[in-house]
Amino acid sequence: MKIPFLNLEPAHKLVKEEMAQAFESTYASNWFVMGNKLENFEAQYAAFNETKHAIGVSNGLDALVLSLLSLGIGPGDEVIVPSHTYIASVLAISYVGATPVFVEPDERTFNLNPANIGAAITSSTKAVMPVHMYGQACNMTAICKIARERDLYIVEDNAQAHGARYDGKITGSIGDMSGTSFYPGKNLGALGDGGMITTNSERWADQASMLRNYGSSVKYKHERIGYNMRLDELQAAFLSVKLKRLDLWTTQRRTIAEQYSNLLAEVGDLILPFTDPRSEHVFHLYVVRTQYREQLRDHLQMDGIQTLVHYPIPIHLQEAYAHLGHESGDFPIAEKIAECCLSLPLWPGMDKREVAEVATSVSRFFESVK
Ligand SMILES: *Cc1c(COP(=O)(O)O)cnc(C)c1O
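Read in the working numbering, the sequence shown has 200 at position 189, and its numbers run on one by one without any break.
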């Protein structure tokens, strides 16, 4: 049995008819950009995410860029971002001309460690960007407290955590603004690129929705130098269909994660995902850690099991960020995670037997290294 890292087929099979109808209805409308499919999906997503406003945009990166721009963050400003994240979080900060300032994560949760934020704050710090890594909410209670005390904005990167919660609050609704992604492999994925900004502020929502559409809220009147960063009707229609199943798919993800955690407990030197009891994890990814990462990957590959590494090179060591002048050893926790993390196959509808087969192959590997 070959086991891919991700298989969208079971989820897509379930909604095939409705997706075809979404296409038919959009096609028949002859209206493809900024119409009622987008408006409907924005209202549905705002309800799901428990926010007053949701603004559909082109992708997750653009959602973060427009969030920062809406808050007026730009050149000369610093934004605190975790040293362990996907590069898009950091790129968004660079795009608006601000400077990313890295802060180490909590080794147990992979998430921005609130205890490390204070030391990174300077007179130029304008915002902090918590990233809910792998589907687990950051400690937003602590992060909000620091942001309030130090007068910083919070821009959540919720690209991996649709529906996650911390202390009962849903991610994407806790900070001042939030950006999420509907990249096909995300927990809620379009059939192409897509993203969403969420906020409870009418003023910032207006800014974001004006900026995504050429800086215009009244046709041919342009208030700011804006962008073309819109979510199109077809993707919005597809996403409306899939959003209705998101809770079911999240439940399935959690069941698979639990099965892995039971089968892999006490196996080799594996460190399994740690769940902060105050957080409700949506398991975008199931990430284990081992000092034998490369050997384990090779072993699984030989058994026909595909794995991925999220992410092999920390941002501060990427060529694109050489100008920040960081070197190896500057962020040891992020560097250690990059060296030993491994994401196991996981998708909604993954069969119990497939999960067991992955776990068996992992266990067999550790039998051989003993
Ligand atoms: C996927 C992702 C993004 C970017 O989303 P795109 O839609 O691919 O632009 C941003 N941040 C994180 C943490 C992500 O995982």
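C-beta atoms are modelled at their ideal positions from N, C-alpha and C, and glycine is treated no differently.
Endpoints, the alpha helix (DSSP H) within which residue i is located
i: residue 217; result: 213-222
i: residue 185; result: No alpha helix (DSSP H) contains residue 185, which DSSP labels as neither H nor E.
i: residue 210; result: Premise fails: residue 210 lies in the beta strand (DSSP E), 206-210, not in any alpha helix (DSSP H).
i: residue 147; result: Premise fails: residue 147 is in no alpha helix (DSSP H) and is neither H nor E.
i: residue 273; result: 257-275
i: residue 365; result: 363-380
Contact belief for residue i with residue j at Cβ below 8 Å, rounded distance in angstroms
i: residue 355; j: residue 369; result: 6 Å
i: residue 137; j: residue 84; result: 5 Å
i: residue 302; j: residue 280; result: 6 Å
i: residue 131; j: residue 112; result: 5 Å
i: residue 285; j: residue 119; result: 4 Å
i: residue 324; j: residue 207; result: At roughly 28 Å, the Cβ-Cβ gap does not stay under 8 Å, so residue 324 and residue 207 are not in contact.
i: residue 168; j: residue 140; result: 6 Å
i: residue 190; j: residue 331; result: Wrong, their Cβ atoms sit about 20 Å apart, outside the cutoff.
i: residue 93; j: residue 123; result: 4 Å
i: residue 260; j: residue 22; result: 6 Å
i: residue 14; j: residue 365; result: 5 Å
i: residue 250; j: residue 201; result: 6 Å
i: residue 114; j: residue 128; result: 6 Å
i: residue 222; j: residue 81; result: 7 Å
i: residue 300; j: residue 351; result: 4 Å
i: residue 199; j: residue 255; result: About 11 Å; that fails the 8 Å criterion.
i: residue 296; j: residue 357; result: 7 Å
i: residue 60; j: residue 184; result: 6 Å
Simplified DSSP assignment, three categories, for residue i
i: residue 240; result: coil
i: residue 85; result: coil
i: residue 227; result: coil
i: residue 61; result: coil
i: residue 138; result: strand
i: residue 297; result: strand
i: residue 28; result: helix
i: residue 106; result: helix
i: residue 75; result: helix
i: residue 119; result: coil
i: residue 348; result: helix
i: residue 289; result: coil
i: residue 159; result: helix
i: residue 278; result: coil
i: residue 37; result: helix
i: residue 190; result: strand
i: residue 154; result: helix
i: residue 197; result: coil
i: residue 21; result: helix
i: residue 203; result: coil
i: residue 48; result: helix
i: residue 91; result: strand
i: residue 14; result: strand
Environment of residue i [buried if 16+ CB atoms lie within 10 Å]
i: residue 229; result: exposed
i: residue 273; result: exposed
i: residue 373; result: buried
i: residue 12; result: exposed
i: residue 43; result: exposed
i: residue 197; result: buried
i: residue 117; result: buried
i: residue 38; result: exposed
i: residue 88; result: buried
i: residue 54; result: exposed
i: residue 35; result: exposed
i: residue 241; result: buried
i: residue 336; result: exposed
i: residue 378; result: exposed
The beta strand (DSSP E) enclosing residue i, as first and last residue numbers
i: residue 167; result: 164-168
i: residue 112; result: 110-114
i: residue 355; result: 352-355
Any non-hydrogen atom of ligand 3 within 7 Å of residue i CB
i: residue 329; result: As for ligand 3, it is missing from this structure, which binds only ligand 1.
**OP:** Counting only runs of 4+ residues fully inside the segment 300-345, write out the alpha helix (DSSP H) ranges in chain order.
**Re:** 304-313
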